[in-house]
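Encoded as structure tokens, the structure appears first; notes follow it.
2 protein chains.
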Amino acid sequence: MGPARTAGHARPIGHTEGRGAVSAARRMVVVGGDAAGMSAAAQARRLLSADELEIIAFERGDDTSYSACGIPYWVAGDVEERDDLVARSPEEHRRRGLDVRTRTEVIALDPDRSRVRTRDAGGTEEWHGYDDLVIATGATPLRPPIPGIDAEGVYGVQDLADGEALRKAVSRLAPDGPGGEGGAGSPPRAVVIGAGYIGIEMAEAMVRRGFRVTLVDRAPEPMTTLDPDMGTLVREAMNAMGIETVMGRAVTEIETGEDGAVRAVRTADSRHPADLVVLGLGTSPRTALAEAAGLPLGESGGLLTDRAMQVRGHRHIWAGGDCVEVEHRLTGMTRHIPLGTHANKHGQIIGSNIAGEYATFPGVVGTAVSKVCELEIARSGLLEAEATEAGLQYVTVTVEATSRAGYYPGARPMHVKMLAERRTGRLLGAQIVGREVAAKRVDVVATALTAGMTVTDIVMLDLGYAPPFSPTYDPVQVAARKAAAAVRAAG
Amino acid sequence: MGPARTAGHARPIGHTEGRGAVSAARRMVVVGGDAAGMSAAAQARRLLSADELEIIAFERGDDTSYSACGIPYWVAGDVEERDDLVARSPEEHRRRGLDVRTRTEVIALDPDRSRVRTRDAGGTEEWHGYDDLVIATGATPLRPPIPGIDAEGVYGVQDLADGEALRKAVSRLAPDGPGGEGGAGSPPRAVVIGAGYIGIEMAEAMVRRGFRVTLVDRAPEPMTTLDPDMGTLVREAMNAMGIETVMGRAVTEIETGEDGAVRAVRTADSRHPADLVVLGLGTSPRTALAEAAGLPLGESGGLLTDRAMQVRGHRHIWAGGDCVEVEHRLTGMTRHIPLGTHANKHGQIIGSNIAGEYATFPGVVGTAVSKVCELEIARSGLLEAEATEAGLQYVTVTVEATSRAGYYPGARPMHVKMLAERRTGRLLGAQIVGREVAAKRVDVVATALTAGMTVTDIVMLDLGYAPPFSPTYDPVQVAARKAAAAVRAAG
Chain A
1 MGPARTAGHA RPIGHTEGRG AVSAARRMVV VGGDAAGMSA AAQARRLLSA DELEIIAFER
61 GDDTSYSACG IPYWVAGDVE ERDDLVARSP EEHRRRGLDV RTRTEVIALD PDRSRVRTRD
121 AGGTEEWHGY DDLVIATGAT PLRPPIPGID AEGVYGVQDL ADGEALRKAV SRLAPDGPGG
181 EGGAGSPPRA VVIGAGYIGI EMAEAMVRRG FRVTLVDRAP EPMTTLDPDM GTLVREAMNA
241 MGIETVMGRA VTEIETGEDG AVRAVRTADS RHPADLVVLG LGTSPRTALA EAAGLPLGES
301 GGLLTDRAMQ VRGHRHIWAG GDCVEVEHRL TGMTRHIPLG THANKHGQII GSNIAGEYAT
361 FPGVVGTAVS KVCELEIARS GLLEAEATEA GLQYVTVTVE ATSRAGYYPG ARPMHVKMLA
421 ERRTGRLLGA QIVGREVAAK RVDVVATALT AGMTVTDIVM LDLGYAPPFS PTYDPVQVAA
481 RKAAAAVRAA G
Chain B
1 MGPARTAGHA RPIGHTEGRG AVSAARRMVV VGGDAAGMSA AAQARRLLSA DELEIIAFER
61 GDDTSYSACG IPYWVAGDVE ERDDLVARSP EEHRRRGLDV RTRTEVIALD PDRSRVRTRD
121 AGGTEEWHGY DDLVIATGAT PLRPPIPGID AEGVYGVQDL ADGEALRKAV SRLAPDGPGG
181 EGGAGSPPRA VVIGAGYIGI EMAEAMVRRG FRVTLVDRAP EPMTTLDPDM GTLVREAMNA
241 MGIETVMGRA VTEIETGEDG AVRAVRTADS RHPADLVVLG LGTSPRTALA EAAGLPLGES
301 GGLLTDRAMQ VRGHRHIWAG GDCVEVEHRL TGMTRHIPLG THANKHGQII GSNIAGEYAT
361 FPGVVGTAVS KVCELEIARS GLLEAEATEA GLQYVTVTVE ATSRAGYYPG ARPMHVKMLA
421 ERRTGRLLGA QIVGREVAAK RVDVVATALT AGMTVTDIVM LDLGYAPPFS PTYDPVQVAA
481 RKAAAAVRAA G
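Protein sequences appear in the order of chains A and B.
Start counting the first sequence at 1; every next residue gets the next number (full-length UniProt numbering).
Start counting the second sequence at 1; every next residue gets the next number (full-length UniProt numbering).
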């Protein structure tokens, strides 16, 4: 860990290196032009004029502020245009007074001299001094060293270029797509490797584009962000939708034909023909630059920050988004939880603080929602294994309840699993698997976890009730009521 | 207010009056067989056997545990059978060991001698002693002394008999109903008096049954449970659906024809032809018996209880549901808020306490959700007028946000108005008017109000985010973010 820099906004050495003019303004340099970085830049600009703060953002790709979370829906055809996924283009940012430089990669951080080194598309390298540095380098998709992983027909879904390539391949292969080849014969086949959020969202996308879909994961059940018993419900629902699941088996090879294109995905004891393979294996923090600069990293490789989103021990170096670890409010531990919602908050906080306001990030409670076709999946708080790891003793209950009054049309069953701390009855987490409207009910859980409520507190919450929206006790309350009884019984 | 009774379960005088046998068990007597009363009975029976506690419930009607909230959907045709609205019939309760006596009215309470007087369908009157008394007499629909209010064709929607009568009339008049008369000509006309929850839900029901609907209310905007500016949004949306709204005008007369049947509804300066009139004017607590017995009532006429749902100053007399006033957690004041969700909780608490467990009702935060056709309406916390009445100074903001990521199909706009306390930033309330999925988002508001969160706390909540479910900041957080800025600006 590097030494703490002194406070204050004195102009650091090297500030004007590589630039032709000396500006009177302080300078904020942002590394990475997606959610966290550009939120920080936009928030600082909202609070300070260009005369007060110069803002330069470096992005190695072409796009800024895009929704990677939207890629599955773009591939599925729910979203038509690439631009729909771009919340704000580089040009739009520039019009708001931000100096955005795309195709410009930051290749080194030099905290001691408060400068970063960049390389632009033409290969020109430069140093740029900063008063405040924002590291928002995001995450790298996991690509295990499986034979064939770089074959033609294997697609990632990390950025818009990935999404575009996959979308083109899908349109070529899918019977309903333009120029589709499979209309007369059997449907094209997709194998999705990884059964987490990205994997199941991509499975939905491929199903909806007319593919026969196989999902392969080494875990015993899909969605390891759920307890296995809840993962079982997800697998069963996916199977009922016609998605084949191959669980508990690691991919050993992506088989290719003589033309070099993908033919099948193999595990130790099975072979799954594929016209197309999608990698949905999760990500790890992209922090090689930070590591090289001696900045503090956590176990996952994510940057460690303080509550103000300043890199620990480094004043005026800030970090947010998918490249940091966040503190879990229930355990006090930090974890890598790459989500756009955290990234946006981090950026807002960083921008406010750089502009002289005061804002802090209170940590997360581990909320996530997803869907595969009509199945909605949500979690917040701790899984059983996470609670145990944190030294917490708990009871669990699982209930089946309905989304609306039982007699109201469209009432759908949902399963709610809840963890409550032994003795205290404090809520520790909940998982929901159901149909419309199931997933967003987890927001009550997230809010109650943040407030440190007990399950009895939850039973007594004054939640919205009317027959089209809920039974008299919301499903979350039905689970809480049973959990409260379990806490009493457990002693 | 009567003197406090002593604690303990000593058998009171008169316990066996009117009964043939002396039982060894304590006796719980319930007055009123709907949500609060039967929840109390069922909960007590869950915890104590018939040998430990005898439970008698008196209900003057035919039904127990029915959903009055479901009547609009029964009339609309969403629910087919009357029985669908009955959660548990008298016979089902009896099979669970409850002595349910329908068509038996309680005509007097005698707290001094711990007994109640009943009159059955045959006119026979009896005294029944109790160890614990549960008053769950519900509420009475308001029926202002308007000329013609008792005419043929004027319907209330308080109980299942009302619902059945209205449903029959609708089927007779509506073009699509069996034996409908209006198929060839113009649609039948319904006037709904009262533009609160019941009124708008009935307006939807009548629209969906093919009626031309006029909604009349003396208030300037519908839904006085919202601030007027949010009520305006509701009125505009209803008008766009073809529902005529006549606001700011009191009904002066229900005009009848020579046959005695309804012809029109009149205000001081307008006349609205009607084949059918629905009264949706709200309710007042049904507490004449309690008042005659000297039990304490609040301003609305609702019974006042302690946290354990015991009538204030009266041990072993409990009250819950639509006949009590509930404490508002944000103001400390008691109000009459008749809702099935409160009634169920009250019953559960009362049953637990009578059985020797310990449970309390923490009060409400004023949550309510409703819909009219596809418009969803929700509130929690305080309106502007309520905050002012409570001595609270506040800022308000209103935002328009979308239900899903903007690029995701089905993203619908919603308006969120939020009140935050001046200086502290404490959340005081929110109102939501939008389309699917808008209303249940208020549950986060309800939970945050219960926890005493500030609007900044809400901005930082770890709510569920994925494009099909939410923008990166949930609409409630978009409002909270603006509210936080308004609090800072207000100083």
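Quick reminder that beta carbons are idealized off the backbone N, C-alpha and C, glycines included.
- Near chain A, meaning a CB-to-CB distance below 9 Å, the residues of the stretch 361–377 of chain B are Phe-361, Pro-362, Gly-363, Val-364, Val-365, Gly-366, Thr-367, Ala-368, Val-369, Ser-370, Lys-371, Glu-376.
- With a beta-carbon spacing of about 52 Å, Asp-131(B) and Arg-249(B) fall beyond the 8 Å limit used to define contacts.
- Among the residues facing chain B, Thr-331(A) is not included, as its CB has no counterpart in that chain under 8 Å away.
- Taking a Cβ-Cβ threshold of 8 Å, none of the residues of chain B is close to Leu-233(A); the smallest such distance is about 18 Å.
- Under the three-pair Cβ rule at 8 Å, the stretch 378–396 of chain A does not count as touching the stretch 349–356 of chain A.
- Assignment of Thr-104(B) by DSSP, reduced to helix, strand and coil, places it in the coil class.
- Neighbours of Ser-67(A) in chain B, taken as residues whose beta carbon is under 9 Å from its own, are Ala-405, Tyr-407, Pro-467, Thr-472 in chain order.
- When C-beta atoms of the stretch 322–336 of chain A are compared with those of the stretch 282–296 of chain A, three or more pairs fall below 8 Å, so the two segments count as touching.
- With respect to chain B, the C-beta atom of Gly-340(A) has a partner C-beta closer than 8 Å.
- Cβ atoms of Ala-484(A) and Gly-425(A) come within 8 Å of each other, at about 6 Å.
- The alpha-carbon of Leu-330(A) is positioned some 36 Å away from that of Glu-244(A).
- Within a 10 Å sphere around the beta-carbon of Tyr-358(B) sit fewer than 16 other beta-carbons, which makes this residue exposed.
- Our two residues, Asp-162(B) and Arg-113(B), have alpha carbons roughly 36 Å apart in a direct line.
- Taken in chain order, the members of the stretch 446–462 of chain A whose beta-carbon sits within less than 9 Å of a beta-carbon on chain B are Ala-446, Thr-447, Ala-448, Leu-449, Thr-450, Ala-451, Gly-452, Met-453, Thr-456, Asp-457, Ile-458, Val-459, Met-460, Leu-461, Asp-462.
- Of the candidates Met-202(B), Glu-105(B), Arg-335(B), Arg-95(B), the residue whose Cα lies closest to the Cα of Gly-77(B) is Met-202(B).
- Under DSSP, Lys-482(B) shares a beta bridge with no residue.
- DSSP, reduced to helix, strand and coil, places Glu-52(B) outside both helices and strands of the structure shown, so it counts as coil.
- Taking CB atoms only, Asn-344(A) has a neighbour in chain B less than 8 Å away.
- In this structure, Ala-438(B) sits near Ala-378(B), with a CB-CB distance shorter than 8 Å.
- It is roughly 15 Å from the alpha-carbon of Met-414(B) to the alpha-carbon of Asp-443(B).
- Residue ranges of uninterrupted alpha helix (DSSP H) with 4 or more members, entirely inside the stretch 283–366 of chain B and ordered along the chain, are 288–292, 340–354.
- Straight through space, the alpha carbons of Gly-366(B) and Ala-68(B) are spaced by roughly 19 Å.
- Sixteen is the threshold: since fewer than 16 other Cβ atoms of the shown chains lie within 10 Å of the Cβ of Ala-292(B), the residue is exposed.
- As computed with DSSP, Tyr-407(A) is found in no beta bridge at all.
- Residue range 115–119 is occupied by the beta strand (DSSP E) that includes Arg-119(A).
- Apart from the 5 residues on each side of it in sequence, Ala-446(A) sits with its Cβ closer than 6 Å to the Cβ of Val-365, Thr-367, Ser-380 in its chain, given in chain order.
- In the structure shown, Thr-450(B) falls within a helical segment according to DSSP collapsed to helix, strand and coil.
- Nearest neighbour of Pro-188(B) by Cα position, chosen from Arg-172(B), Pro-141(B), Leu-289(B), Ile-107(B), turns out to be Arg-172(B).
- DSSP, reduced to helix, strand and coil, places Val-79(A) outside both helices and strands of the structure shown, so it counts as coil.
- A Cβ-Cβ distance of about 4 Å is found for the pair Ala-405(A) and Pro-467(A), placing them in contact under the 8 Å criterion.
- Looking at the DSSP output, Arg-143(A) sits in no beta bridge, so it has no partner there.
- Nearest C-alpha to Gly-129(B) among Asp-34(B), Val-30(B), Leu-85(B), Val-262(B): Val-30(B).
- Looking at the backbone, the Cα of Thr-305(B) and that of Arg-46(A) are separated by about 52 Å.
- Residue range 413–421 is occupied by the beta strand (DSSP E) that includes Met-414(B).
- Rounded to whole angstroms, Asn-239(A) and Leu-226(A) show a C-alpha spacing of 18 Å.
- Around Gly-156(A), the same chain offers Pro-141, Asp-162, Leu-279 as residues with beta carbons nearer than 7 Å, after the five sequence neighbours per side are excluded.
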